[in-house]
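Here the protein sequences line up with chains A and B, keeping their order. With the numbering used here applied, the first sequence has no gaps in its numbers, which climb one by one up to 159 at the end. With the numbering used here applied, the second sequence has no gaps in its numbers, which climb one by one up to 652 at the end. Ideal Cβ positions, reconstructed from N, Cα and C, are used throughout, including at glycine. As the structure is a prediction and not an experimental result, all values here were calculated from the model.
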Amino acid sequence: MFLKGFLDNQFSELRKLQDEGTPDFVAEVVSLFFDDCAKLINNMSTSLERPENVDFKQVDSGVHQLKGSSSSVGARRVKNVCISFKECCDVQNREGCLRCLQQVDYEYKMLKTKLQDLFNLEQQILQAGGTIPQVDINETDTLLNFANVQG
Amino acid sequence: MDLVSNEEGRTEHFPVGMRVLAVDDNPTCLRKLEELLLRCKYHVTKTMESKKALELLREKSNMFDLVISDVEMPDTDGFKLLEIGLEMDLPVIMLSAHSDYDSVMKGIIHGACDYLVKPVGLKELRNIWQHVVKKNITTYKKNISPSPQLLTPSESHLAPSGSKKRKEKVNDSGGDEDESDREDEDGEGSEQDGDESSTRKKPRVVWSQELHQKFVNAVQQLGLDKAVPKKILDFMNIEGLTRENVASHLQKYRLYLKKIDESQHQNMTPDTFGTKDSSYFNMSQLDGLRDFTSTRQFPSSSLLSRSHLTRFHPSVYSSINLQGTNSSNFNNHQSSSNSANPFGTYHRTLFPRSQNVNLSPLEPLQFPTSKYMGDFKTIGDRATGGSFLDTRMSFGSSSTSLPSASSNNLMLQANYTQPLHIASDKNQPCHEANSSSLNMSVHGLPRFPSHSWQGSLRTTNRFPSSCLPINHVFSQDQVAYPGSGLGDCSSLVSAENPGGEMQCEPQLLGAFMNTLDDGPKWEEQNCNMVNNQFGNVEYPLAADNIVFRDNNASRSKGLDESLMMSPIEDSATTINNSQEYVGKFTMLDADQMKHSGKPENALVVENQHDVFDDIMNEMMKQDENNGLVSAVATRFGFDSFPPP
């Protein structure tokens, strides 16, 4: 499955906010999100770097931010990692935090790739003169199939 | 009306164009929020820095209608922004990823209009404009206490000075229904005193009968267990009503119900006078109160119907309807207070004024308790809503509050004196009370919970606004103050139940009469009483008890306590206990009276005292007769003055 489980209905909400007046809204928001992810992960990595001097407060703040933005865009898997991340942070488990950090990094990059593909796909469809069906994000396979057929 | 021209040139109504300031340090969330708000057709200004936001707010106070801010922000605490917003009387909505109870509680306690959990949806944002309206209504009401139509020239200058735009919005954007609602409830129609509004510190929600009924409906629909303020608020759908109002009302309501439960368990054999049956007791008390009130107000003997005294009768309510005719009556009455049927006499002489004998409130009661409750309901509705009333509470307590002769005297005195102290301001409220009848007294009335109603007393106390009317009434008739207090109540009551006969418990009356005798003493006590009694509503009334106290240590004390609305647990206490308790309160009252605190309190107290005193007197008397004084006292709701 292409995007199944990666995104939740918040992403659909985002898509709903996009219209002729705001054609690139979704792209804009997700790119903001990815930039945000990169920045936060970087900061947290720095905080967790030295075992003897971990600023868990800062890490917690970063996780909180990440959780907020991921839930806003509907990045489901990223958000779920953040929940575990927060738990590790609460008990000041550096090892756990590092693991979660790694996972978050992986997830957001994975999502970025997939979304990039999706946008490209949509672009192609549009350029081919078609319209992008507003489908459930978890059914994007349909879109892919559709695109393939069209292609 | 805040009209906004859209691109096509068509003017659109609020909430289109509502100016929102969005603050969030998370760029992703902020962008999404901005888009959502734009989708709702609001005008959005966004910033990621709270410092910038504060700057914007300070620069132009009326640049925004609403602020939405994240709670957790690195450079500034979201609550700081909340404070600034509140200072400027702007509705502030908190936004956060935290949905835990504590976080939400913190936000609300700090004064946030609402607390939204991220991710925020379009649906949630579509309705945020209601907070703007609510704020405006509150501001409007704050500035103009009396109902608009009754604004006297002197008061018109007190028209809301807030943003004109906001005011317009209030008027235009559906505040109308609400306002008319509020007007009815305000009971401050006749502002005779331009100072009235200036003495008000903050707008009060008057829980009129209609409003309370809606509240009760909402609670019933939701189920008492699941009835949370927010849901109730939504259910009621009353503009201008805040969650906090509902929350406090709900608390009182719950206490009231608890009291009812307790009292029902304490039911005793019915008796016309202060029977064991708590409900009866309440009722009789109520009757007594009514009689009391009516006597005060109607000098005519018809009201006195002493026969009524012997039985619990809705008519008592009607007696209550008697508008405060007081002063003259009172004076006269005093002399005759010692009659065998003090109450009757009192009635006769005391209140020559209006005669709204609307005892109807009690009439509907099916059985003593319910009857009482029903009446109460009407009364209570005015102040606290019907449900409250149902539990014999107000009246019951009132009656209990009517102390035995001596205490009554004291009470009366207190009541009567009170008005004297509170001059013009009070008059107005009283006036309003009279006109609005139910509204005012109700507030006061709830104070007299049935013995089982102590809790309710407490809760009722929370409706200070209602108290005010009563006070006003009294003030008008300086002398008749005490009567007016009751009168107001009665009017309130009677309004609901027209036609009941006035029935005063002879005992109660007697008590009352006795108290009447003691003029000067009375005054003191009245003051105290008033303060105490009604003070509880919003302000702990310690002094109230003083009135009762003077006379019968035991009885008055008990009453005082109840009046005082001390903690509900008193209900279980014995007379002795209550009495002692009362004593304490009264003492405080005296002091309080002397150094009356906020005018609001005074006003509230005043009104309440009068009515309350009367009720207490009656109840005391009744108790005495039935030896149930203690019971009454305890049940009277010593805890009537719950902490706000």
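Cβ shell of residue i (< 7 Å), same chain only, five flanking positions each side left out
{"i": "residue 52/B", "result": "28, 30, 42, 45 and 46"}
{"i": "residue 55/A", "result": "62, 63, 66 and 67"}
{"i": "residue 44/A", "result": "77"}
{"i": "residue 240/B", "result": "223, 226, 227, 230, 254 and 258"}
{"i": "residue 97/A", "result": "64, 67, 68, 71 and 105"}
{"i": "residue 237/B", "result": "251, 254, 255 and 258"}
{"i": "residue 179/B", "result": "The predicted position of residue 179/B is uncertain, since its pLDDT is 45 and thus under 50; a value taken from the coordinates is nonetheless stated next. Same-chain partners within the cutoff: there are none."}
{"i": "residue 27/A", "result": "none"}
{"i": "residue 79/A", "result": "18 and 87"}
{"i": "residue 37/A", "result": "22 and 81"}
{"i": "residue 38/B", "result": "30, 32, 54 and 56"}
{"i": "residue 113/A", "result": "49"}
Distance between residue j and residue i (C-alpha atoms, nearest Å)
{"i": "residue 235/B", "j": "residue 264/B", "result": "15 Å"}
{"i": "residue 247/B", "j": "residue 65/A", "result": "42 Å"}
{"i": "residue 213/B", "j": "residue 57/B", "result": "37 Å"}
{"i": "residue 140/A", "j": "residue 86/A", "result": "26 Å"}
{"i": "residue 111/A", "j": "residue 109/B", "result": "29 Å"}
{"i": "residue 244/B", "j": "residue 223/B", "result": "6 Å"}
{"i": "residue 84/A", "j": "residue 29/A", "result": "27 Å"}
{"i": "residue 35/B", "j": "residue 47/A", "result": "12 Å"}
{"i": "residue 256/B", "j": "residue 152/B", "result": "23 Å"}
{"i": "residue 83/B", "j": "residue 105/B", "result": "17 Å"}
{"i": "residue 127/A", "j": "residue 60/B", "result": "35 Å"}
{"i": "residue 40/B", "j": "residue 11/A", "result": "21 Å"}
{"i": "residue 594/B", "j": "residue 266/B", "result": "Reliability fails at residue 594/B, whose pLDDT of 40 lies under 50, so the model's placement of it is uncertain and the value that follows must be treated cautiously. Near 26 Å, if we compare the C-alpha coordinates of residue 266/B and residue 594/B."}
{"i": "residue 133/A", "j": "residue 32/A", "result": "15 Å"}
{"i": "residue 115/A", "j": "residue 122/A", "result": "11 Å"}
{"i": "residue 126/B", "j": "residue 101/B", "result": "12 Å"}
{"i": "residue 107/B", "j": "residue 221/B", "result": "32 Å"}
{"i": "residue 143/B", "j": "residue 232/B", "result": "28 Å"}
{"i": "residue 59/A", "j": "residue 103/A", "result": "9 Å"}
{"i": "residue 115/B", "j": "residue 92/B", "result": "14 Å"}
{"i": "residue 138/B", "j": "residue 131/A", "result": "41 Å"}
Cβ separation of residue i and residue j, assumed to be a contact under 8 Å, to the nearest whole Å
{"i": "residue 103/B", "j": "residue 74/B", "result": "Contact flag wrong, Cβ pair sits at about 12 Å."}
{"i": "residue 70/A", "j": "residue 51/A", "result": "6 Å"}
{"i": "residue 19/A", "j": "residue 89/A", "result": "The pair is not a contact, with the Cβ atoms about 17 Å apart (cut-off 8 Å)."}
{"i": "residue 72/B", "j": "residue 65/B", "result": "7 Å"}
{"i": "residue 128/B", "j": "residue 99/B", "result": "So it is not a contact: roughly 16 Å between Cβ atoms."}
{"i": "residue 122/B", "j": "residue 78/B", "result": "Actually they are not in contact, since the Cβ atoms of residue 122/B and residue 78/B sit about 14 Å apart, beyond 8 Å."}
Bridge-paired residues (DSSP) for residue i
{"i": "residue 111/B", "result": "DSSP output for residue 111/B lists no bridge partner at all."}
{"i": "residue 123/B", "result": "102/B"}
{"i": "residue 29/B", "result": "53/B and 75/B"}
{"i": "residue 15/A", "result": "83/A"}
Proximal residues of chain A, C-beta to C-beta of residue i below 7 Å
{"i": "residue 127/B", "result": "18, 79 and 80"}
{"i": "residue 94/B", "result": "The premise fails here: residue 94/B is roughly 24 Å from chain A at the closest Cβ pair, so nothing lies under 7 Å."}
Proximal chain A residues relative to residue i, where beta-carbon distance stays under 8 Å
{"i": "residue 37/B", "result": "76, 77 and 80"}
{"i": "residue 4/B", "result": "In the structure displayed, chain B extends from 9 to 652; residue 4/B sits before or after that span and is not available."}
{"i": "residue 105/B", "result": "72, 75, 76 and 79"}
{"i": "residue 47/B", "result": "25"}
Cβ-based neighbour list, residue i, same chain, cut-off 8 Å, excluding 5 preceding and 5 following
{"i": "residue 91/A", "result": "75"}
{"i": "residue 88/B", "result": "58 and 62"}
Same chain only: Cβ atoms within 6 Å of residue i, ignoring 5 sequence neighbours per side
{"i": "residue 93/A", "result": "71 and 108"}
{"i": "residue 94/B", "result": "119"}
{"i": "residue 49/B", "result": "24"}
{"i": "residue 41/A", "result": "77 and 81"}
{"i": "residue 119/A", "result": "14 and 83"}
{"i": "residue 16/A", "result": "82 and 84"}
{"i": "residue 467/B", "result": "Confidence in residue 467/B is poor, its pLDDT being 39 and thus under 50, which makes the residue's placement unreliable; the coordinate value appears in the next sentence. These residues qualify, in order along the chain: 260, 263 and 264."}
Under 9 Å from the C-beta of residue i: neighbouring residues of chain B
{"i": "residue 162/A", "result": "Not covered by the structure: residue 162/A. The range shown for chain A is 9 to 159."}
Residue i: contacting residues in chain A (beta-carbon distance under 9 Å)
{"i": "residue 134/B", "result": "Here the premise fails: no neighbours, minimum Cβ distance about 13 Å."}
{"i": "residue 226/B", "result": "In chain order: nothing, as chain A lies at least about 30 Å away."}
Per-residue contacts from residue i into chain B (C-beta, under 7 Å)
{"i": "residue 33/A", "result": "43"}
{"i": "residue 73/A", "result": "34"}
{"i": "residue 40/A", "result": "35, 36 and 39"}
Neighbouring residues, chain B, relative to residue i (Cβ below 8 Å)
{"i": "residue 44/A", "result": "34, 35 and 36"}
{"i": "residue 30/A", "result": "43"}
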